[in-house]
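Colleague: The UniProt record's numbering numbers the first residue of the sequence shown as 1 and each following residue consecutively.
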Amino acid sequence: MDNRFATAFVIACVLSLISTIYMAASIGTDFWYEYRSPVQENSSDLNKGLWTDFASDEADEKTYNDALFRYNGTVGLWRRCISIPPNTYWYNPPERTESFDVVTKCMSFTLNEQFMEKFVDPGNHNSGIDLLRTYLWRCQFLLPFVSLGLMCFGALIGLCACICRSLYPTIATGILHLLAETSLNCRLALFTLTAWLQHLRSTVRYTV
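1. Grouping DSSP H, G and I as helix and E and B as strand, with all else coil, what is Met107?
2. Give every residue of the same chain whose Cβ lies closer than 6 Å to the Cβ of Thr97, excluding the five residues on either side of it in the sequence, and list them in chain order.
3. Give me, in chain order, the residues of the same chain whose beta-carbon lies closer than 6 Å to that of Tyr91; leave out the 5 immediate sequence neighbours on both sides.
4. Answer with buried or exposed for Val75, where buried requires no fewer than 16 other C-beta atoms within 10 angstroms of its C-beta.
5. I believe Arg80 touches Phe109 by the beta-carbon criterion, under 8 Å. Please report the beta-carbon distance rounded to the nearest angstrom.
6. Kindly provide the ranges of any beta strand (DSSP E) runs that are 3 or more residues long and lie completely inside the segment 121-199, ordered along the chain.
7. Compare the Cα-Cα distances from Ser147 to each of Cys186, Gly158, Trp78 and report the closest residue.
8. Does the beta-carbon distance from Leu193 to Leu136 come in below 8 Å?
9. Measure how close the beta-carbons of Phe191 and Leu111 come, nearest whole angstrom, since I'm counting them as under 8 Å.
10. Applying the 10 Å Cβ sphere with the 16-neighbour rule, what's the burial state of Arg133?
11. Can you tell me whether Tyr71 is buried or exposed, with buried defined as 16 or more other CB within 10 angstroms of its CB?
12. So what's Tyr64 in DSSP terms, helix, strand or just coil?
13. Phe115 by DSSP, collapsed to three states: which one?
14. Is the distance from the Cβ of Pro144 to the Cβ of Asn65 below 8 Å?
15. Considering only DSSP beta bridges, list what Ile84 is partnered with.
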C-alpha cells in the first residue's frame with residue numbers, strides 16, 4: 001500500500017508540474033505566439049490621432065487593423081501592439097532617417113472586444129457578419145479557461161488520490177490533464193487559423 005501511495009503521489013506531482021507549464025504557456029501566449037503583420041516601409045507617418053483611436057476602448061476591428069497593417073503591429077490573444085515613433089505629433093510626422101527608431105506600444109483587449117462580432121470586410125458593418133472568424137475567436141478565448149477548469153478538477157482528484165492512498169484516481173487525473181493539453185493545443189490551432197483568415201481578409205483589402 002505504501003508503494004502504491006508513493007507512486008500516486010509522484011504521478012500527481014508530475015502532472016501538477018505539467019499543468020503549471022501548460023497554463024504558463026497559455027497565459028504567456030502574447031510573448032511567444034502571436035500574429036505579426038507584414039513589414040511596411042511607411043511606418044513613420046503615424047499621427048497622434050491614429051494612436052488615440054487605436055488605444056481607445058471603443059476601437060473596432062477596422063481601427064486596430066488599420067494600425068496593425070500600416071505600422072508593423074502584432075496581435076495575440078490578450079493584446080494588440082503597434083510600432084510607433086517615440087514621439088507622435090498631430091501636425092507633422094517625424095523625419096525618416098536611416099536610424100529611425102520606434103517603440104512598441106500595446107493595448108489589452110477588453111472583454112467586450114473579445115466577444116465583438118467580426119465582419120467579412122473588417123470594420124464594414126454593411127458587409128455582413130463573418131461567423132467563422134467571430135466564433136473561432138470566441139472559442140480560442142474560452143478554451144484556456146476550459147483548460148484551467150480541467151486542471152483544477154484534475155488537481156482535486158489527485159489530492160483525493162493522495163488522501164485515499166490509491167493509485168486508481170490518478171488515471172482520471174491523467175485523462176483530465178490530457179484533455180486540458182488538448183484544449184490548449186486546439187486553442188493554438190484556432191489562433192493560427194483566425195490569424196490566417198485575418199491576414200487573408202486584410203491583405204486583400206489593403207492591396208486593392
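We put the beta carbon where it would ideally sit given N, CA and C, even for glycine.
Quick caveat, the model's predicted, so the values are computed rather than measured.
Modeller: Straight from the coordinates:
1. Strand, per DSSP.
2. Confidence in Thr97 is poor, its pLDDT being 46 and thus under 50, which makes the residue's placement too unreliable to answer from.
3. A caution first: Tyr91 carries a pLDDT of 46, below 50, which makes its placement in the model unreliable, though a value can still be read off. Taking C-beta separations shorter than 6 Å and ignoring five residues to either side along the sequence, Tyr91 has no partners in its chain.
4. Flag for Val75 reads buried.
5. By a beta-carbon distance limit of 8 Å, Arg80 contacts Phe109. Their separation comes to about 7 Å.
6. DSSP assignment within the segment 121-199 yields no whole beta strand (DSSP E) run of 3 residues or more.
7. Selected option, being the one with the closest Cα: Cys186.
8. Yes.
9. With 8 Å as the limit, Phe191 and Leu111 do not qualify as a contact, their Cβ atoms being about 18 Å apart.
10. Result: buried.
11. By the Cβ-count criterion, Tyr71 is buried, with 16 or more other Cβ atoms from all chains shown falling within 10 Å of its own Cβ.
12. Looking at Tyr64 - three-state DSSP - the assignment turns out to be helix.
13. For Phe115, the secondary structure class from DSSP, reduced to helix, strand or coil, is coil.
14. The answer is no: Cβ separation not under 8 Å.
15. Answer is Val103, bridged to Ile84.
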